[in-house]
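Student:
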Amino acid sequence: MNDPLRIAVIGAGKIAEMGHIPGFQKAGAKVVALCSRTETNLSLIADQFDVERRYTDWQQMLKDGNFDAVSICTPVYLHAEMTVACLHQGYHVLLEKPIAASLADCDAMIAAADQSNCILMLAHNQRFRLQHIIAKQVLDSGRLGIVRRVHSAFAHGGPEYWSPNQQWYFDPVRAGQGAMMDLGYHKIDLLRWLLGQEVKEIHALKATFEKPTTADDTSVAIMQFEQGTLATLQASWAHFPGVPDSLDIFCENGTLHIPSNPSDPIHIVERENGQLRESDIDCSAAEGPGWLDTMQAFIDAVRTGEPSVSARDARATLHAVLRAYDI
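Following my numbering, the numbering of the sequence shown begins with 3 at its first residue and continues without gaps.
1. Select from Leu185, Ala240, Ala322 the residue whose C-alpha is nearest the C-alpha of Met225.
2. Is the stretch 281 to 289 touching the stretch 162 to 182 in the sense that three or more CB pairs, one from each, lie closer than 8 Å?
3. Where does Val311 sit, in a helix, a strand or coil, going by DSSP?
4. Go ahead and pull the three-state DSSP assignment for Lys28.
5. For the structure I just gave you, are there three or more beta carbon pairs, one from the stretch 223 to 240 and one from the stretch 257 to 276, closer than 8 Å?
6. Figure out for me which residue from Tyr187, Arg176, Arg279 has the closest Cα to the Cα of Asn255.
7. Which residue spans inside the stretch 107 to 189 form an unbroken beta strand (DSSP E) run of at least 3?
8. By alpha-carbon positions, which one of Phe69, Asn167, Val175, Tyr163 ends up nearest to Val78?
9. What's the call for Thr296, buried or exposed, on a 16-neighbour Cβ count within 10 Å?
10. Within 10 angstroms of the Cβ of Leu235, are there 16 or more other Cβ atoms? Answer buried if so, exposed if not.
11. Exposed or buried, which one is Gly292 when buried takes at least 16 other CB atoms within 10 Å?
12. Which residues in the same chain as Tyr327 place their Cβ atom closer than 8 Å to its Cβ, once the five residues preceding and following it in sequence are excluded?
13. Measuring only the C-alpha atoms, how far is Pro309 from His94?
14. Just to confirm, are His81 and Asp107 a CB contact at a threshold of 9 Å?
15. Beta-carbon separation of Ala233 and Leu193 under 9 Å?
16. Could you check where the alpha helix (DSSP H) with Lys65 kicks off and where it finishes?
17. In the structure shown, what three-state DSSP assignment does Thr319 receive?
18. Over the uninterrupted alpha helix (DSSP H) stretch that includes Thr42, give me the two end residues.
19. Taking all protein chains shown into account, do 16 or more other C-beta atoms lie within 10 angstroms of the C-beta of Asn167, making it buried, or fewer, making it exposed?
20. Between the C-alpha atoms of Ala87 and Leu46, what's the straight-line distance to the nearest angstrom?
21. Can you tell me which residues form a DSSP beta bridge with Thr257?
22. Under the three-state reduction of DSSP, which class applies to Thr220: helix, strand or coil?
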């Protein structure tokens with residue numbers, strides 16, 4: 003397949019506007035259709051990116067077809083129904099995180115992908131952030147030795163600052179819980195990938211400090227991974243100022259610090275013969291938090307038949323998050 007991949011997008015919120023649509027266009031794909039139940043968003047985003055076909059009914063869009071793949075950027079409670087329908091109709095799917103609200107939904111989506119011979123890939127963009135790719139290379143090289151512990155944080159002032167019109171975030175049913183599902187999911191998935199280990203045990207304390215929801219707006223988790231690595235995770239929608247989105251990885255022969263700004267350098271401190279040596283790895287070529295590279299990875303997956311983040315992989319991340327919620 004040498005022609006540009008034709009993409010239909012369901013959902014016209016911020017992640018479609020800032021990540022999926024510009025990412026696909028930059029990667030050489032053609033966004034041919036956009037669907038949103040919010041007609042104002044639909045018109046604004048479709049005009050901004052010159053998308054000709056516009057729908058308020060995603061099922062009608064699938065029936066009309068004439069595209070190769072669907073990018074789903076909707077609240078989590080819609081993921082399973084939309085994904086299964088797209089796969090059954092022969093469309094490849096890129097799905098925003100979290101994969102689903104339940105393991106049963108995950109299993110239905112995995113079964114549909116297996117039956118369809120179509121690609122189902124998750125948009126776990128933090129795996130495609132340049133800092134994290136370099137960090138994995140350093141860890142996999144063995145240069146710093148065994149990873150003993152990790153501290154991770156992802157927090158901001160709340161989804162209403164990211165996307166003021168999308169109040170579904172505060173509905174635990176539509177959002178699939180709160181801050182740990184929204185932000186903690188990212189870091190748990192990232193740690194699974196960086197460490198090459200599954201979560202053996204996880205416990206979390208959750209609170210709602212200021213948001214209009216019964217779900218958590220702040221959570222703190224502790225984890226132990228299969229090979230003994232210990233980790234802490236802070237996730238919050240009630241943080242000011244700034245957006246901490248960082249990792250500190252402590253290994254037997256040194257430490258690795260990944261700062262919040264995606265283009266800032268990684269800082270490494272190595273210990274050898276009782277001496278400490280510090281160095282930085284330049285990440286100035288980074289294009290944001292990995293969104294654009296995620297879209298390129300999906301296009302590559304459709305070409306090769308191998309998704310870099312499979313639904314089974316995402317199910318393992320969701321399983322860990324649900325255990326943090328005691329579900």
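Glycine included, every Cβ here is placed at the ideal spot set by N, Cα and C.
Tutor: In this structure, then:
1. Start at 1 with the first residue of the sequence shown, and residue 225 comes out as number 223. Considering only alpha carbons, the answer is Ala322.
2. Segments in contact, no.
3. Locating residue 311 in the sequence shown gives position 309, where the first residue counts as 1. Coil.
4. Taking the sequence shown and counting its residues from 1, one reaches residue 28 at position 26. Reduced to three states, the DSSP call for Lys28 is helix.
5. no
6. Against the sequence shown, residue 255 aligns to sequence position 253. For the residues Tyr187, Arg176, Arg279, the minimum Cα distance to Asn255 belongs to Arg279.
7. Fully contained in the stretch 107 to 189 are the following beta strand (DSSP E) runs of length 3 or more, in chain order: 122 to 125, 149 to 157.
8. For this step, residue 78 is matched to residue 76 along the sequence shown. For Val78, the nearest C-alpha among the options comes from Val175.
9. Within the sequence shown, the letter at position 294 stands for residue 296. By the neighbour-count rule (16 or more Cβ atoms within 10 Å), Thr296 is buried.
10. As a position in the sequence shown, residue 235 is number 233, starting the count at 1. Classification for Leu235: buried.
11. Taking the sequence shown and counting its residues from 1, one reaches residue 292 at position 290. Buried, by the Cβ-count rule.
12. Within the sequence shown, numbered from 1, the residue matching residue 327 stands at position 325. For Tyr327, the CB contacts under 8 Å within the same chain, skipping 5 residues up- and downstream, are Gln179, Met182, Met183, Ala206, Lys208 in chain order.
13. Counted from its first residue, the sequence shown places residue 309 at position 307. Counted from its first residue, the sequence shown places residue 94 at position 92. Taking the straight line joining both Cα atoms gives about 11 Å.
14. Translated into positions along the sequence shown, residue 81 becomes position 79. Translated into positions along the sequence shown, residue 107 becomes position 105. Yes, they are a contact pair.
15. Indexing the sequence shown from 1 puts residue 233 at position 231. Indexing the sequence shown from 1 puts residue 193 at position 191. Taking 9 Å as the Cβ cut-off, Ala233 and Leu193 qualify as a contacting pair.
16. For this step, residue 65 is matched to residue 63 along the sequence shown. 60 to 66 is the span of the alpha helix (DSSP H), which, as asked, contains Lys65.
17. Taking the first residue of the sequence shown as position 1, residue 319 is located at position 317. It is helical.
18. As a position in the sequence shown, residue 42 is number 40, starting the count at 1. Segment 41 to 51, the alpha helix (DSSP H) holding Thr42.
19. Looking up residue 167 in the sequence shown gives position 165. By the neighbour-count rule (16 or more Cβ atoms within 10 Å), Asn167 is not buried but exposed.
20. As a first step, residue 87 must be located in the sequence shown, where it is residue number 85. As a first step, residue 46 must be located in the sequence shown, where it is residue number 44. Distance between the alpha carbons of Ala87 and Leu46: 27 Å.
21. Here the question's residue 257 lines up with position 255 in the sequence shown. Thr257 pairs with Phe252, Val271.
22. The count along the sequence shown starts at 1 and reaches residue 220 at position 218. Thr220: strand per DSSP, three-state reduction.
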